[in-house]
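Visitor: Here's a structure for you.
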Amino acid sequence: MDKDFYVRYYIGHRGKFGHEFLEFEFRPDGLLRYANNSNYKNDVMIRKEVYCNKIVLDELKRIIADSEIMREDDKNWPEPDRVGRQELEVVMGNEHISFTTTKIGSLLDVQDSQDPDGLRIFYYLVQDLKSLVFSLIGLHFKIKPI
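In the numbering used here, the protein residues as written are 5 to 150.
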């Protein structure tokens, strides 16, 4: 596997139900680690780990490269606040980015920011990454043979 590849995403807040968050990471060896913590109605933390093969990692790299997120800068993005925070860290080859911003409720929040183009790229990339992760976790842990 590619030793110079790593992706981590976190979104969370501290509120009435404690520290609630969603976090996942793809490690260089293909390990996908997923955690979802919500104390709403006394839910417990969900933790899952699954190894992804080279094809999945190559698709993940393509999604990230096609988004052009590696060209962006978060200096004009909204700072994390009481609403919550998002973090995205990506290492691809010799490039390393680490972004932090507040939770984004909708595209309206993106358009009202100081850097709508960059934040839009972040917003859509995060949607794609979450969709991929939820699909991988769902396929691996919930498949029932016919």
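The C-beta atom is built at its ideal place from N, Cα and C for all residues, glycine as well.
Owing to the predicted nature of the structure, the values given are computational and were not obtained by experimental measurement.
Look up residue 122 in the DSSP assignment and say whether it is helix, strand or coil.
Guide: Helix.
Visitor: To the nearest angstrom, report how far apart residue 3 and residue 63 are at their CA atoms.
Guide: Because the chain spans 5 through 150 in this model, residue 3 falls outside it and cannot be assessed.
Visitor: Over the uninterrupted beta strand (DSSP E) stretch that includes residue 114, give me the two end residues.
Guide: Counting along the chain, residue 114 falls outside any beta strand (DSSP E), though it belongs to the alpha helix (DSSP H) covering 111-115.
Visitor: Could I get the ranges of all uninterrupted alpha helix (DSSP H) runs contained in the region 58-85, with 4 residues as the minimum, in chain order?
Guide: Qualifying alpha helix (DSSP H) stretches, in chain order: 58-71.
Visitor: Going by DSSP, which residues form a beta bridge with residue 52?
Guide: Per DSSP, 38.
Visitor: Does residue 90 pass the burial test, meaning 16 or more other C-beta atoms within 10 Å, or should it be called exposed?
Guide: By the 10 Å Cβ count, residue 90 comes out buried.
Visitor: Verify whether the separation of the beta carbon atoms of residue 151 and residue 74 is less than 8 Å.
Guide: The first residue shown for the chain is 5 and the last is 150, placing residue 151 beyond what the model contains.
Visitor: Near residue 119, what residues of its chain come up, given a Cβ to Cβ distance below 7 Å and the 5 sequence neighbours on each side ignored?
Guide: So the list reads 80, 81, once near-sequence residues are dropped.
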